[in-house]
Each structure stands twice: as C-alpha cells, then as structure tokens.
Amino acid sequence: MSKTKTAKSDTLTSVSSTDIGRPAQYKQPSRKGKRSWRKNIDLSATEAALEDIREQERTVGAPAHKRKDAELFVEDRSGQETQLARQARGKRKLKSQEILAQRSAVPAIPHRQRSTFQLDTKTRGGKAAASGLSEKVKRRLRILASRPHEGEQGLSEMGSAGKIQSDAVLAEKHDLWGAEAPQPANDWVAPAMVTGIHKPRSMQHEPHAPAKVAPAVTKPHPGTSYNPDFDSHEALIQKAFDKAKTQEMTEEEVKRLTEKFKDVSRPKNMDSYMGMVIDQPDESAADAEDDENDDNDLPHAPKLPGRKTSAQRRREARAKEQQRQAMQRRKERQLRAMMSELPTHLKKMKKVQQTRAEMIQQRRERKRQRLEEEGIAGFKVGKHKVPEQRMDVQTGEELSESLRQLKPEGNLFWDRFQSLQARGLAEARKPVLPTRRRLKTKTYDRHSFKRD
575 MSKTKTAKSD TLTSVSSTDI GRPAQYKQPS RKGKRSWRKN IDLSATEAAL EDIREQERTV
635 GAPAHKRKDA ELFVEDRSGQ ETQLARQARG KRKLKSQEIL AQRSAVPAIP HRQRSTFQLD
695 TKTRGGKAAA SGLSEKVKRR LRILASRPHE GEQGLSEMGS AGKIQSDAVL AEKHDLWGAE
755 APQPANDWVA PAMVTGIHKP RSMQHEPHAP AKVAPAVTKP HPGTSYNPDF DSHEALIQKA
815 FDKAKTQEMT EEEVKRLTEK FKDVSRPKNM DSYMGMVIDQ PDESAADAED DENDDNDLPH
875 APKLPGRKTS AQRRREARAK EQQRQAMQRR KERQLRAMMS ELPTHLKKMK KVQQTRAEMI
935 QQRRERKRQR LEEEGIAGFK VGKHKVPEQR MDVQTGEELS ESLRQLKPEG NLFWDRFQSL
995 QARGLAEARK PVLPTRRRLK TKTYDRHSFK RD
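For the sequence shown, our numbering gives the first residue as 575, with consecutive numbering after it.
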C-alpha cells in the first residue's frame, strides 16, 4: 500500500511540475433528450449543401450529381480557342442586363384546370347562384332599391305576376348615361327655377397679368438726381407733399371717426339703459290724473256731424272724378311732351354711353400702363395692401453738387423686396415682429398693520 501511494504522489508532482496548461474543455452543449438535440445540433454544413443544390437547380435545371458526364465535361481535341476565350473576346453585357437575364430553370408548378361545369341559368335560383348571390338576398336588394316589377298592370310594383325585371331590361329602359326621359307635365307642381352660378371675373382672365412684365428696377424720378433741374426737383417735392398730405388727412379722418363713435355702444346716462329709466319717479301718472281733473271741469266737446245725405255723397263723388280726370290729362300732356322729346333724349343717351365707354377704356388703359410700369404697388391683394416705392426727397440745401459729396439713402434690400411684391412674385403681408411676453401683475394683501 505504501508503495502505491508513493507512486501516485510522484506522478502528481511530475505533472504539476510540467508547464502544459489547463486541458481544453469540450464546448459541445448537452444533447440529452430530443429537444436539446434539435436545439444544439449544428446544421450549417447541411443547409449550405442543400442551398448549393437548389442554386444548381435554378441555374442549370438539375444538380451536378444527377447530370450526365457528357453534360458536365467536354473533350476538346481541335485545339481551338476555349469558350472562356470566346466570351472574353465578345462584348460583355451590363450588370443590369445580367440580373434581368437570370431566370430559374425550374419549371413552374402546373395549375389545376378549372371545371367547365356551369350552373343552370334558366331558373331564377340558378341565375342568382351564377351571379354570386342567393335568390333571397337578391330579392331583398331589389326591394330596397325600389325596382319596378313586370305584371299584368305593366310596370307597376303591385303587379299580380310579381316577376322581377332582369338587369338587361332595366338597362334598356333606364339608361344612366343617355338622354333624360321626358317627364309628364304636372299642372299642380311649378317647375324648379335653376339659378346660374356666379363666376368671378378672375376666372375669365388674370386680373394683374400686365404686372408680370414690369421692370425689376423701375426708372427713378428725374428729381432724385444729385444735380436735378429746378422743375424736376419742384415736381418731386410737390409729389411727396401730396402723398404725405393724403396720408395725414386719412389718419385724421380715422381719428375723428373713432372719437365720434367711441361712445355709441355706451349709454350717456348710466341710470338709463336702452331707453329705460331706473329708479326714477313716474311723473306720467301724476300728469294723467291732473289732465283728467281738468277735463272734468271743462264743458262737453261739440257733437260730431251726423250721417251725410245723398246729395253730399254725389257732390263728393263728382269732385273726386273731376280731380282724377285732371290728373289723367296732366299725365297725358307729360307723356306727349316726352314722346316729342324722345329723339333728343336718345341722342343724348347715346352720346353719354359713348362718352362713358371712352372713359372706361381710358381708365383701363391707364391702369394697364401703370401695371406695366409700377406693377401692383398700391393695390390691395388679399388682406394686405402692396407697399409703394418709397420716395427719397432732398431739400435744396441738402443737394450735393458732386458725386463725392453725395450721401447714400434708401435700402437696396427693401427696394428689391418691394419690386418682388409689386411684380406679384412675393406675397404682400405685414412684418411679423417678435413680441415680448408680458406677465400679469399679481397683487398681494399685506397684513403689516396686524404686526404693529
């Protein structure tokens, strides 16, 4: 026993003294049981082989192990160029053409031929079954659609036969896309009045079409030169004055109307509202009582005249008839005078219409010329008005005699943007400025008097 233990200890000592490291562990998981076997089995090689076989079937039509040697190998004894060399010498197809040319060599799955059996369409049940609906459902749909029936009374729904019309018969009698069938006239029902749809004028032609041909850079006024002549400079100053005066008058008019009508919705006397006096003594009742007392003191009113006699009625009738005849004669005289003056009036009306048409044509021509020169500046398009071009005016003292002393004015960016708006290329709108958020003021009740 002692010898055996000594040998084992020597063996352990020799193994530990050698530097061979820890033995490798078996990494294959457990396959104990059918579930663990299916889960831990490695089928990558098998799946790769099966996929290779499928690829061969799609490309050639059959895998390599099922094809004959004559299909796989070629014995070439001629010594000519190989097929690979011929392909290299030929023109290579594009990648897209190669992808489109790839078609599977596996034949398609044959479909089962449909049966040629047809339902009996002679009966109503067979027709309904052939159309995909049962007779009961089809009858219900026809009743809901209020389809007419064929019977002893013609096209009445209450026919004794009660036979439902077919779709072909109904299509012939009621053509959806054909002309409308004439409706019998009904004297008791008035025809419906069809009112025409009002179309705006802008549908016929574009309202501001000439503005598109307006120049991008408008021609400045001669008075804006650094060394203008006297007349041009005075005309520019007068134009700017008229514009500023019109704007000031408009602002004053708006302010005056605002001051005038600011108290319209507010009653002048706070004790009364909508004509009703509140907490005021009623003096009308006292006045009525005084009037009654005064009436009792006065003598009785004179008695009204009695019934008119027949002579009085005839006299009044003759007076009314004479008045009516005089009025009729006056109207006839006026009508004869108007008829005699009718040619003169026609000439005047024709002249007035001609003058009005000329004025309208001149106004249209001026508007078209203005649109071509200045665009739609000054017109209201949508909610806002298109801004006009600003006028830079210098007084006589501010004018410079040379370009060296000239002071630059205006803003090229604003002029460019205004030109886009005037030509209709940019929308006219008000500038959106950032607003500062204002918080509401909170009030607190301090009870410092309680602590004093």
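For each residue, glycine too, the CB sits at the ideal point set by N, CA and C.
Since this is a predicted model, take the numbers as computed values, not measurements.
{"Item": "Rounded distance between the beta-carbons of Val955 and Ala1002, thought under 8 Å", "Value": "6 Å"}
{"Item": "Alpha-carbon to alpha-carbon, Leu916 and Arg910", "Value": "10 Å"}
{"Item": "Distance, Pro876 Cα to Asp889 Cα", "Value": "At residue 889 the sequence reads Arg, which differs from the Asp that was named. Approximately 26 Å between the Cα atoms of the pair."}
{"Item": "Inter-residue Cα distance where the pair is Pro794 and Trp988", "Value": "15 Å"}
{"Item": "Own chain residues within Cβ distance below 8 Å of Ala638, not counting five before or after", "Value": "Gln630, Leu646"}
{"Item": "Extent of the continuous alpha helix (DSSP H) to which Arg940 belongs", "Value": "916-948"}
{"Item": "Host alpha helix (DSSP H) of Pro806 (start-end)", "Value": "Position check: residue 806 holds Ser in this sequence, whereas Pro was assumed. 804-834 is the extent of the alpha helix (DSSP H) around Ser806."}
{"Item": "CB of Ile950 within 8 Å of CB of His782, strictly", "Value": "yes"}
{"Item": "Within 8 Å, strictly: CB atoms of Gly952 and Glu939", "Value": "no"}
{"Item": "8 Å Cβ cutoff met for Tyr800 and Leu945", "Value": "no"}
{"Item": "For Lys1024 and Tyr1018, the rounded distance between their alpha carbons", "Value": "15 Å"}
{"Item": "One or two residues paired with Asp954 in a DSSP bridge", "Value": "The question names Asp, but residue 954 is Lys in the sequence shown. According to DSSP, which records beta bridges pairwise, Lys954 is partnered with Lys959."}
{"Item": "Residue from Arg942, Pro784, Arg628 with nearest C-alpha to Leu999", "Value": "Pro784"}
{"Item": "Simplified DSSP state of Ser730, which is helix, strand or coil", "Value": "Unreliable placement is indicated for Ser730, whose pLDDT of 42 sits below 50; no coordinate value is reported for it."}
{"Item": "Span separating the alpha-carbon of Ser1028 from that of Lys834", "Value": "Residue 1028 cannot be examined here, being either before or after the span of the chain that is shown, 575 to 1026."}
{"Item": "Under 8 Å between C-beta atoms of Arg632 and Val680", "Value": "yes"}
{"Item": "8 Å Cβ cutoff met for Leu810 and Thr798", "Value": "yes"}
{"Item": "Where the alpha helix (DSSP H) containing Thr798 begins and where it ends", "Value": "It is not in any alpha helix (DSSP H) - Thr798 carries neither H nor E in the DSSP assignment."}
{"Item": "Whole-angstrom C-beta distance between Lys786 and Arg942, which should lie under 8 Å", "Value": "In fact, because the Cβ distance is near 12 Å, the residues do not count as touching under 8 Å."}
{"Item": "Local conformation of Pro637 per DSSP, three classes", "Value": "coil"}
{"Item": "Pair within 8 Å by beta-carbon distance, Gly984 and Arg964", "Value": "yes"}
{"Item": "7 Å Cβ shell around Asp805 - same chain, five flanking residues per side excluded", "Value": "none"}
{"Item": "Leu674 (DSSP reduced to helix, strand or coil)", "Value": "helix"}
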